[in-house]
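Protein chains in written order, with UniProt numbering: chain A, 1 to 232; chain B, 1 to 232; chain C, 1 to 232; chain D, 1 to 232. All C-beta atoms, glycine included, are put in the ideal place defined by N, C-alpha and C. Remarks on the structure that follows.
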């Protein structure tokens, strides 16, 4: 392993290890990548390797064509989806795909997660979007690239930095952020939002969405120009 | 850090660390304050700092005007809600706000948690109350103070020492107690009550409330003049 | 502490510590007693003491009149319910009361847990029974003794050794066994049965009970004259 | 203990210990066997021994007639079901039976688990099948052998290597694989699939199955001739 990508591999590794630590996946489910936009490369988890056998040296460095730049193992089978997201969405430094239980449960219904409360509005100002179910001809094509395209299509009128997560219908969640650590944070928040929404929906199937004024207030409190949450 | 507020900061810190230990919040969600009524100051968690990086020295000491008396960091964005509660409710020594999963799931329905059983009645003698959804003009004002006012409004005909918890509609739970430790205890009990009520409601949507005689008996067994639970 | 009841206190203590270990209660909820039928005394948890501060020396030894024979603290407020069960049911060596989440969720519906599967039938050959809701006049009397009487009433035509658990309507579960360890085992099994039945009921509200032949087979495989489960 | 079956016993023991580690069963529920097809023997968990008291030397070696070849204890009461599966399904090296909570919850409804998403399709290309409820005359016969026969009957038109799991109606799941480790993996995946399907069904009772093209794609990505998942 060269020293060139050491820091990038370390970042990807640390973020991947958060997946089991946060209970977001079992066995080999899920993968995180860290992106170096200047060099045009990402470091990503190898395919099918369980978290408890993973090391930073196992991370694979791949360019935006999908070519392996460094690494002994085969990269995650979802690598091309990550690439589409980095190529299409500006400002992304990390992408995460998991099969976390509640977010996947919602993705399997093929419907967005309604914005029921402020936990949700603290992180995005709309329902968690859900893509269309992939058409058979797209499935037969370059499947992982098509998955990325579906997400892009779903975000045609959305700002991916304001809505840093999506459900792929019948599949599961993707989340992203300015770096890999933030991307995993968003994936964990999505799982918690999905759990709360499941509870709300089960208690009261007709529960109302949070009024717009409250959505705006909570989102801006953390993300707006006059944000006053946190230490900066 | 001066020695003046050391004990108050320690108390606030210990109570804040109970939040992740009891599984009541992830990341930075949730905050606890400890109140020194004689000095008119509270110690509270800093805004946006994760529990695993928190120390007692990070606690912020704030007066009832919201002015920072001691501390390097910015206090929790919910500080003004805590202040309203201390200023309005007598006998409070601690206040907790969490986004615990089941209590938040109920808060998102905008309805009280029905008093279905004795676990609930051991701690309060009525449904867990739920505030109104905040009106847009209040949201646009001093939001965190307005949140406090909504709770006060909801408790106009209630004794906050007998009902030490509330759901803020579309948001999440607040709980309190004679000290910060007791406040976190009430927050944890609320989450458990919310979980049990979710189960009861899902099994049998028309489940009946606990009869008044049983509510009274259980509440008085622990809190009445002839209480005989515990060691005092 | 005398040596006379050391072994009994130890047994009660060990069984009580299984309550938090098995996730059957938070804080001070729940209590276990161990019975010495020859001496006519039971050792039970003190009232309101959290599990993480409990020691074997804290156990209280009480006779069947409810008189404290040995111990510095006040016994569990549910002691008289335990006494009624030991006095009325032959062969009991341990009694447990918890507020475990799913069993309590069912108790709050006031209905028995249907015998949906073999996990259930391995332990009892009928629905988990549920008492009537206590009438107001009984509540006003000796409440804990009345709770015991309700259970006895519910078991008028039942064999408590074949059905070692019950739901007290609006309250929570009691379980028992030939010794305190077995009683806690039955309480943990009840919680698991309650969880499975919650899932079955939610997926398919009209799910059928297990046919009688299968109920009989599973129960007898473990408990019948020709039992062939286990090592004896 | 002879050295002859040491490796087989070790393999069975390691796989059995995964059951509590993965949260698939409490107490003595569940059992795993490892099969040595050349010698025609399997090593299996002893009946009724809790996992925390289990050692590799406790494993029982049994032949396909059910005769104990080596071991001091009585083998799992489910041994004959394991034997039927090894005798009927080619290529099996491990069999697992658990009472894992969500899979059992589904088994108790007597219905298959619909293939709602790609987590499911990554492992099998159809609903998780569910046997018929056993008829009374079969129950009265050699019960454990009959359980095996029911599974065989259910797989008359199925490939057990492509669908490595089943629900026994009113009872619980069985899973298998090319070795004991893979069998436990499949049992854990089944529990996770069952959990996700519970959530999907509860949110939206009419949720659609995953379209065939996606089912095929995901299954073949991992198991087809052109599989490209993992490191081989």
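A Cβ-Cβ separation of about 6 Å places residue 26 of chain C in contact with residue 188 of chain B under the 8 Å criterion.
DSSP, read as helix, strand or coil, puts residue 134 of chain A in coil. In this chain, the alpha helix (DSSP H) harbouring residue 88 of chain C covers 79-88. Inclusion of residue 150 of chain C and residue 119 of chain C in the CB contact set at 7 Å is not warranted, their separation being larger than that value.
In the DSSP assignment, residue 167 of chain C falls within the unbroken beta strand (DSSP E) covering 165-168. Using a Cβ-Cβ cut-off of 7 Å, residue 148 of chain C is close to nothing in chain B; its nearest Cβ partner there is about 15 Å away.
Per DSSP, residue 159 of chain B lies in no alpha helix (DSSP H) and is assigned neither H nor E. Against residue 33 of chain B, chain A offers no close residue; the least beta-carbon distance is about 17 Å (beta-carbon pairs closer than 9 Å). By the beta-carbon neighbour count (other beta carbons within 10 angstroms, threshold 16), residue 31 of chain B is buried. Using a CB distance below 7 Å, the part of the stretch 186-201 of chain B facing chain C consists of 188, 192, 195, 196, 199 and 200, ordered along the chain.
The beta carbon of residue 55 of chain B does not come within 7 Å of any beta carbon belonging to chain A, so the residue lies off that interface. Residue state for residue 50 of chain B is assigned as coil, using DSSP reduced to three classes. Per DSSP, the beta bridge partners of residue 174 of chain B are B/97 and B/166. With a cut-off of 8 Å on Cβ pairs, the stretch 168-186 of chain B is not in contact with the stretch 90-103 of chain C, counting fewer than three such pairs. Relative to the Cα of residue 62 of chain A, the nearest Cα in the group A/72, A/54, A/53 and A/163 belongs to A/72. Around residue 45 of chain B, the same chain offers 16, 31 and 76 as residues with beta carbons nearer than 6 Å, after the five sequence neighbours per side are excluded. In this structure residue 48 of chain C does not touch residue 185 of chain B by the C-beta definition: roughly 12 Å separates them, more than the 8 Å allowed. For a Cβ distance threshold of 7 Å, residue set 105, 106, 109, 198 and 201 of chain C lies close to residue 203 of chain B, ordered along the chain. The beta-carbon distance between residue 34 of chain C and residue 56 of chain C, rounded to whole angstroms, is 11 Å. This is too long to meet the 8 Å contact definition. With a beta-carbon spacing of about 6 Å, residue 144 of chain D and residue 78 of chain D fall inside the 8 Å limit used to define contacts. Neighbourhood of residue 73 of chain D in chain C, by CB distance below 8 Å: 231, in chain order. For residue 140 of chain C, the chain B residues whose C-beta falls within less than 9 Å of its own C-beta are 213 and 217, listed in chain order.
Under the three-pair Cβ rule at 8 Å, the stretch 122-136 of chain B counts as touching the stretch 189-199 of chain B. In the DSSP secondary-structure assignment, residue 16 of chain B is not bridged to any residue. For residue 43 of chain C, DSSP records a beta bridge to C/34 and C/61. Between residue 82 of chain B and chain A, the shortest Cβ-Cβ separation is not below 7 Å. The C-alpha of residue 134 of chain B is placed about 17 Å away from the C-alpha of residue 220 of chain A. Linking residue 60 of chain B to residue 222 of chain A through their CA atoms gives a straight-line distance of about 20 Å. Annotation for residue 184 of chain A: the continuous alpha helix (DSSP H) segment containing it runs 180-203.
In this structure, the alpha-carbon of residue 5 of chain B lies about 16 Å from that of residue 66 of chain B. Residue 107 of chain A counts as buried, since no fewer than 16 other beta carbons sit within 10 angstroms of its beta carbon. For the set C/91, C/42 and C/231, the Cα lying nearest the Cα of residue 159 of chain C is the one of C/91.
Remark: C-beta atoms of residue 201 of chain A and residue 203 of chain D approach each other more closely than 7 Å. Sorting A/29, A/52, A/142 and A/218 by C-alpha distance to the C-alpha of residue 147 of chain B places A/218 at the top. Contact with chain D is found for residue 119 of chain C, since one of that chain's Cβ atoms lies less than 7 Å from the residue's Cβ. Going by beta carbons, residue 173 of chain B and residue 161 of chain B fall outside the 7 Å limit.
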